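*Asks:*
Numbering (the UniProt record's numbering), first residue to last: 1 to 435.
The following block contains the structure:
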């Protein structure tokens, strides 16, 4: 075929005409290999017919016309990528100004895969016809839906709201137990010999001389019973017990429950025995530390992410931004080291900063806009360093926040689209059942 001869290419009914010399521009491509022996050639019309989208073919043919490979912004990146693969055009030929259209495909696919996992985890499990005949299986299924699927029924929504309330109450009790306003004076049993107490730590002394208010103890027992039953029922109803036991939050939950019950039993049954001990003794200090290991009850908030998709999306956004957060941490440390050392040198005559590590501490506090006021520059040069440190800190900390917000917006938008699709599918299924 002559290089000057015209080639007629019919794409989905739209005719494109070019010269053979232009098609020879890329020897390894499908268009370059076209000839009258090709399966796509139609003798009657003298055209090569391809049943494809002509809008996607326009950028391809323009590439052969020395106009570069520019991609329309309104087309799907995945569809354009498939078009390039069909015509055997390397992705590297895409113009730099259009990389965003093509390479956002990978990001969208990763986003879709992540949301699909979220959808799979929130799908309602269905009983097989065989299991539906068993009362035991139906009970397990109903219990699992109640405990772990907030959207399955009104009762499950109420239970999960109750779970959230109990978590808040449990954390409130834990926090309030350390405040004198929620504690009452301990009544000692003076029939037993009390050792001479010499305590300089005011916190240990408060725990020794006071006890939590009885109402807080009763509510704490109620919370312990609730979380114990919730864990046992979840273990009973879970479809995969091994997977349930491998989850870190479930393991932590067991540890908190055991420690909580152990300290409650000791407080109610062996209180006088522990009080007779020296508060500075190893046994008593170990008991106090064991009691407040239950601080991990706060981690129950993370279990709510499995029950409430919106919270899951927020945590997911932070997890997907871990690279940016890591870079932010490294940058903050480098900048803090720079300004901390600069302040030490600027204030060396005033002896404001005793050493460089203390200067780095000051820089971190300044960059995060905390400003405790325990350390501040006294010279003009030191104040200049502090000004640049504060401004740099604002810039360094604000950029990752924007990235996290962008990720959250994408995941939140996809989740809302997913909810609308699920609602639409349920509506169609119900209409089919009515018919």
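Quick reminder that beta carbons are idealized off the backbone N, C-alpha and C, glycines included. Predicted model only: the values in this text are computed from it and were never measured.
Just to confirm, are residue 63 and residue 89 a CB contact at a threshold of 9 angstroms?
*Replies:* Cβ distance < 9 angstroms, so residue 63 and residue 89 count as in contact.
*Asks:* Taking the alpha-carbon positions, what's the residue 232 to residue 238 distance?
*Replies:* Roughly 10 angstroms between the two C-alpha positions.
*Asks:* Between 20, 43, 15, 218, which lies nearest to residue 65 when the distance is taken from Cα to Cα?
*Replies:* Comparing Cα-Cα distances from residue 65 to each of 20, 43, 15, 218, the minimum goes to 20.
*Asks:* Which word fits residue 46, buried or exposed, when buried means at least 16 other C-beta atoms lie within 10 angstroms of its C-beta?
*Replies:* Classification of residue 46: exposed, given that the 10 Å Cβ count is below 16.
*Asks:* Does residue 212 come out as helix, strand or coil in the three-state DSSP assignment?
*Replies:* Strand, per DSSP.
*Asks:* Please return the same chain residues whose Cβ sits closer than 8 angstroms to the Cβ of residue 180, not counting the five positions on each side in sequence.
*Replies:* Once the five neighbours on either side are set aside, the close Cβ partners of residue 180 are 206, 210.
*Asks:* How would you label residue 420, buried or exposed, when you count the other beta carbons within 10 angstroms and need 16 or more for buried?
*Replies:* Under this definition residue 420 is an exposed residue.
*Asks:* Between the Cα of residue 367 and those of 175, 331, 380, spot the shortest distance and give me the residue it belongs to.
*Replies:* Ranking 175, 331, 380 by Cα distance to residue 367 puts 331 first.
*Asks:* Looking at the unbroken beta strand (DSSP E) that takes in residue 49, where does it start and where does it end?
*Replies:* Unbroken beta strand (DSSP E) run through residue 49: 47-50.
*Asks:* Helix, strand or coil for residue 176? Go by DSSP, reduced to three states.
*Replies:* If DSSP states are grouped into helix, strand and coil, residue 176 belongs with the helices.
*Asks:* Apart from the five residues just before and just after residue 29, which ones in its own chain have a Cβ nearer than 7 angstroms to its Cβ?
*Replies:* Closer than 7 angstroms at the Cβ level, and outside the excluded window around residue 29, lie 87, 88, 89.
*Asks:* Pick out whichever of 372, 415, 328, 378 has its Cα sitting closest to the Cα of residue 349.
*Replies:* It is 378 whose Cα lies nearest to the Cα of residue 349.
*Asks:* From the DSSP output, in three-state form, read off residue 32 for me.
*Replies:* Residue state, collapsed to three classes: coil.
*Asks:* With DSSP as the reference, label residue 94 as helix, strand or coil.
*Replies:* Residue state, collapsed to three classes: strand.
*Asks:* Pair every Cβ in the stretch 389-399 with every Cβ in the stretch 298-316, then say whether three or more of these pairs are closer than 8 angstroms.
*Replies:* The stretch 389-399 vs the stretch 298-316: no contact.
*Asks:* Which word fits residue 27, buried or exposed, when buried means at least 16 other C-beta atoms lie within 10 angstroms of its C-beta?
*Replies:* Looking at its Cβ environment, which holds fewer than 16 other Cβ atoms inside 10 Å, residue 27 is exposed.
*Asks:* Opposite residue 42 in the DSSP bridges: which residues?
*Replies:* Looking at the DSSP assignment, residue 42 forms a beta bridge with 47.
*Asks:* Please return the same chain residues whose Cβ sits closer than 6 angstroms to the Cβ of residue 125, not counting the five positions on each side in sequence.
*Replies:* Unreliable positioning characterises residue 125 in this predicted model, as indicated by a pLDDT of 48, which lies under 50. A coordinate reading is not provided.
*Asks:* I'd like the list of long-range same chain contacts for residue 236, defined as Cβ closer than 8 angstroms, with 5 residues on each side in sequence excluded.
*Replies:* Around residue 236: 140, 143.
*Asks:* In the DSSP output, which residue or residues are listed as bridge partners for residue 16?
*Replies:* In the DSSP output, where bridge partners are listed per residue, residue 16 has 9.
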